[in-house]
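**Q**
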Amino acid sequence: MKKTASALSILSTIVLGVSPKALADPFSIGAGVGWENSPYKSYNARYFPIPHIDYDNGRFFIDDLSAGVYVYHTDDQSISIGARYLANEFKPHNSDNHQLKQLDIRHATLLTEIEYNLVTNWGGFSSSVGADMLNKSKSILINADYTVPYIQGNLIVAPTIGINWVNSKHNDYYYGVSHKESARSGLPYFSAENSLTPYAEIAAQYSLTKNIATFGGVHIDKLTSNVTDSPMVDNNTVTSIYMGVSYNF
11 MKKTASALSI LSTIVLGVSP KALADPFSIG AGVGWENSPY KSYNARYFPI
61 PHIDYDNGRF FIDDLSAGVY VYHTDDQSIS IGARYLANEF KPHNSDNHQL
111 KQLDIRHATL LTEIEYNLVT NWGGFSSSVG ADMLNKSKSI LINADYTVPY
161 IQGNLIVAPT IGINWVNSKH NDYYYGVSHK ESARSGLPYF SAENSLTPYA
211 EIAAQYSLTK NIATFGGVHI DKLTSNVTDS PMVDNNTVTS IYMGVSYNF
């Protein structure tokens, strides 16, 4: 699944239509908090901190939980190679379901990622291909999304629609039930296939001063049957809500 995006990541490059190359090493930091429900059975919704770091000098960038270098960069297009933290995980003790408590832990990982971005007068398009660099899940993820911004005074709203494709090894790691786990827990054996996950997000930013802004948003993933057929899952919609404050230097 796509990471929950900080509004600042979308708004700084797409909405403002300003390329990092045109700025003198733009840099902003901030912090916020998010809430997310889970697709897993009887699994606790979680609150999580949102560290915000946004630095881009036209050659190297840090974008919250990702970082990388540009291999191609113009005012309206870029191709980058980098790494991104994938926060997907399953911790058996966080479930109130006795059978799920008998399953193995699934860990978060790091992705090696190639990303393409295009900024136009009609919005922004991005696409990426990522692979598990720590060999935990052997995940391969392909993403594409489109954002159309709206600006009114100090308020910027950026609705996004997108879709993620993930391979069967990713789904099997996070949603599959092995024969050993089945024997231990009583859950049926389940081997997952690859899947497409459509999603939508509305991100917003409001500038309080020249340097200080608030941000927030809602992100919704719609899981398909290749995931929801898993005996680990009883929720086909995953919703994330986040908000925070940033300071631009």
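Mind the numbering: the sequence shown is residues 11 to 259 in the numbering used here, read in order.
Ideal Cβ positions, reconstructed from N, Cα and C, are used throughout, including at glycine.
Quantities reported herein were computed from a predicted structural model and do not represent experimental measurements.
1) Please state if the CB of residue 90 and the CB of residue 125 are separated by a distance shorter than 7 Å.
2) Taking residue 163 as the reference, give the member of 86, 80, 215, 112 with the closest Cα.
3) Using the Cα positions of residue 76 and residue 195, report the straight-line distance between them to the nearest angstrom.
4) Which value, in whole angstroms, describes the spacing of the CA atoms of residue 9 and residue 202?
5) Taking the Cβ atom as the reference point for each residue, do residue 38 and residue 64 lie within a distance shorter than 7 Å?
6) For the ligand COA, any of its heavy atoms closer than 6 Å to the Cβ of residue 158?
7) Would you give the residue range spanned by the alpha helix (DSSP H) that residue 237 belongs to?
8) Which first and last residues belong to the beta strand (DSSP E) in which residue 179 is found?
9) Suppose you measure from the CA of residue 246 to the CA of residue 193; what does that come to, to the nearest Å?
10) Does the contact criterion of 3 or more C-beta pairs under 8 Å hold for the region 249 to 258 versus the region 213 to 232?
11) Terminal residues of the continuous beta strand (DSSP E) containing residue 232?
12) Could you pull out every residue in the same chain whose Cβ sits closer than 6 Å to the Cβ of residue 160, ignoring the five residues on either side in sequence?
13) Which term fits residue 59, buried or exposed, when burial requires 16 or more other beta carbons within 10 angstroms of its beta carbon?
14) For a minimum of 3 consecutive residues, which ranges assigned as the beta strand (DSSP E) are wholly contained in the region 47 to 81?
**A** Taking the definition as stated:
1) yes
2) 215
3) 36 Å
4) Outside the shown range of the chain (11 to 259) lies residue 9, about which nothing can therefore be said.
5) yes
6) As far as ligands go, the structure on display features none, and thus does not contain the ligand COA.
7) 235 to 238
8) From DSSP, residue 179 is part of no beta strand (DSSP E) but of the alpha helix (DSSP H) over 178 to 185.
9) 26 Å
10) yes
11) 222 to 232
12) 167
13) exposed
14) 56 to 66, 70 to 73
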